[in-house]
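Structure record follows, encoded as structure tokens.
In our numbering, the protein residues as written are 983 to 1170.
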């Protein structure tokens, strides 16, 4: 089953008339530029930059019409950002990326580890895939759950929290596709 899912997704992504052909490098670049900006100070868990990144991702999910919520983690500033695209059935496909990075070189330093590839690129891909799939006219059979996880750099905190406290039954979740380091902006 997993091999078929991978092959099916690869075929979709590579097909000439694919919906994914509508992902523009300039749109990906704009998301990466914001998420990896010095203003967000490397998006460490926890940080003001991480909070700003979560707000940005939620706004992008809302902009494309997803039902958006935060899944509160164990601490006040630990939040997964969730966007839901309802399907007609009772199965769920999760598509995820982590939105944190390692932050500043050290306390009080002005050296920012921006995390453009790890993992602003994955989040940019997540946002654009959500946009494209939300624009489909044909109803989906499965509910798509887009999740931006916090705390990957600190030990998979957000994804571990989701696994322990799933928003949808794990038995009804057919797969999770994780987007990690999907590209460099100098390739765009």
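Even for Gly, the Cβ is constructed at its ideal location relative to N, Cα and C.
The model shown is predicted, which means the values in this text are computed figures rather than measured ones.
- request: Have a look at residue 1134 and residue 1083 and give me their C-alpha separation to the nearest angstrom.
  value: Distance from the CA of residue 1134 to the CA of residue 1083, rounded to the nearest whole angstrom, comes to 8 Å.
Nearest-angstrom Cα separation, counted from residue 1078 out to residue 1159
Rounded to whole angstroms, the gap between the alpha carbons of residue 1159 and residue 1078 is 6 Å.
Problem - For residue 1164, the three-state DSSP class (helix, strand or coil) - result: The answer is coil: DSSP assigns residue 1164 none of H, G, I, E or B.
Through-space distance from residue 1027 to residue 1057, alpha-carbon basis = The alpha-carbon of residue 1057 is positioned some 10 Å away from that of residue 1027.
CA-CA distance, residue 1031 and residue 1024? Straight-line Cα distance between these residues: approximately 7 Å.
Residue nearest to residue 1106 in terms of C-alpha spacing, selected from 1004, 1029, 1039, 1145
Comparing Cα positions, the closest option is 1039.
Requested in this report: Might you give, ordered along the chain, the residues of its own chain that have their beta carbon closer than 6 Å to the beta carbon of residue 1013, omitting 5 neighbours on each side?
Outcome: Within the same chain, residue 1013 has close Cβ partners 1106, 1109.
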